[in-house]
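Enquirer:
In our numbering, the protein residues as written are 692 to 816.
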């Protein structure tokens with residue numbers, strides 16, 4: 692038995708609520724954006740409490756109305772995950788990842804705007 696992973700850490704946990712899942716995904720995207728900004732040579736985005744609250748409210752909204760915003764968030768998560776993996780892989784080589792980081796930053800800003808726009812529509816309905 693390893694001391695690195697005590698038994699209780701391996702026990703299944705209760706499933707996360709939809710609200711927790713969406714808020715954690717949003718936080719992960721925002722954290723990834725800070726790394727992408729650094730690699731792109733841009734200033735890191737400021738913490739956006741309003742955006743986080745909107746995503747939390749979205750999770751409590753009618754699922755049918757929140758579907759487009761939830762889909763947009765999942766798309767943004769997938770884009771950032773794949774893009775950041777590639778950037779971090781290139782960062783340790785002789786390649787300069789700045790141009791790719793700028794492109795991923797642009798994708799992040801568009802995707803983020805889409806999530807917040809769709810969330811606003813879902814919450815107004």
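Heads up, the beta-carbon is just placed ideally off N, CA and C, and yes, glycines get one too. No experiment lies behind these values; they were computed from the predicted model shown.
If we require 4 or more residues per run, which alpha helix (DSSP H) segments fall completely within the segment 716–791?
Expert: 740–751, 754–782
Enquirer: Report the option in 799, 808, 761 whose CA atom is closest to the CA atom of residue 773.
Expert: Here residue 773 corresponds to residue number 82 of the chain shown, with the count starting at 1. Nearest of 799, 808, 761 to residue 773, Cα basis: 799.
Enquirer: Going straight from the alpha carbon of residue 759 to that of residue 807, what length do you get?
Expert: For this step, residue 759 is matched to residue 68 along the chain shown. For this step, residue 807 is matched to residue 116 along the chain shown. Their backbone Cα atoms lie some 11 Å apart in a straight line.
Enquirer: Relative to the C-alpha of residue 746, which candidate in 728, 737, 775, 765 has its C-alpha closest?
Expert: Locating residue 746 in the chain shown gives position 55, where the first residue counts as 1. Residue 746 has its Cα closest to that of 765, out of 728, 737, 775, 765.
Enquirer: Take residue 811 as the anchor and find which of 743, 769, 782 has the nearest alpha-carbon.
Expert: Mapped onto the chain shown, residue 811 falls at position 120. Per the Cα distances, 743.
Enquirer: Quick one, which of 749, 787, 730 has its alpha-carbon nearest residue 716's?
Expert: Locating residue 716 in the chain shown gives position 25, counting from the first residue. Cα-wise, what sits closest to residue 716 is 749.
Enquirer: Once you ignore the five residues that flank residue 712 on each side, which residues in its own chain have a CB closer than 8 Å to its CB?
Expert: Here residue 712 refers to the residue found at position 21 of the chain shown. Answer for residue 712: 750, listed in chain order.
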